[in-house]
Amino acid sequence: MTLDLGSLNPQEVVVLTVAVAGLIPVLLYRSRLHALHEAAYGFLLLGAVATNVENLLWHDAVNLVEHGVGNMGAGLAVAALAVLHRRRRHQMDDREQKEVNRDDDD
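Read left to right, the sequence shown gives residues 1 to 106 (this note's numbering).
Spelled out as structure tokens, the structure:
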């Protein structure tokens with residue numbers, strides 16, 4: 001079995017290149033990021049790799065990995081991050097409101 005690299009789509013190769021380059025800041029700021037940020041980026045990177053591999057072999061199986069795991073995993077991780085951010089924001093707003101109420105009572 002030979003791999004035909006000519007079947008790669010140049011646009012998809014650029015997406016993979018940008019995704020790999022984008023891994024640098026994710027690794028540099030890893031200690032400051034929530035684990036879900038890393039998971040979301042990992043899923044996006046998996047999708048970018050799968051997009052290129054599907055042109056070379058096992059099209060249907062790799063396409064399922066690209067969409068079912070990569071894209072859906074990234075979407076779910078970002079949605080979970082949004083929920084966590086909203087909860088933290090509401091908790092901060094509640095604390096600020098309690099402080100305002102305490103100041104008003106004094």
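Yeah, the Cβ is synthetic: ideal placement off N, Cα and C, and Gly gets one too.
Beta-carbon contacts of residue i that lie in its chain and below 7 Å, excluding the five residues immediately before and after
i	result
residue 53	62
residue 66	47, 50, 51 and 54
Option in the options with minimal Cα separation from residue i
i	options	result
residue 24	42, 36 and 56	42
residue 10	21, 22, 65 and 55	55
residue 48	98, 96, 64 and 36	64
residue 82	28, 46 and 37	37
residue 45	89, 34 and 69	69
residue 6	28, 30, 57 and 26	57
Length of the line joining the Cα atoms of residue i and residue j
i	j	result
residue 39	residue 18	17 Å
residue 15	residue 21	10 Å
residue 87	residue 73	21 Å
residue 99	residue 59	58 Å
residue 77	residue 97	30 Å
residue 79	residue 94	23 Å
residue 90	residue 8	47 Å
Sequence-distant residues of its chain with Cβ nearer than 8 Å to residue i (five each side left out)
i	result
residue 102	none
residue 84	34 and 36
Jot down the residue ranges of each uninterrupted alpha helix (DSSP H) in the segment 51–96, minimum 4 residues, whole runs only, in chain order. List check, alpha helix (DSSP H) in window: 59–64.
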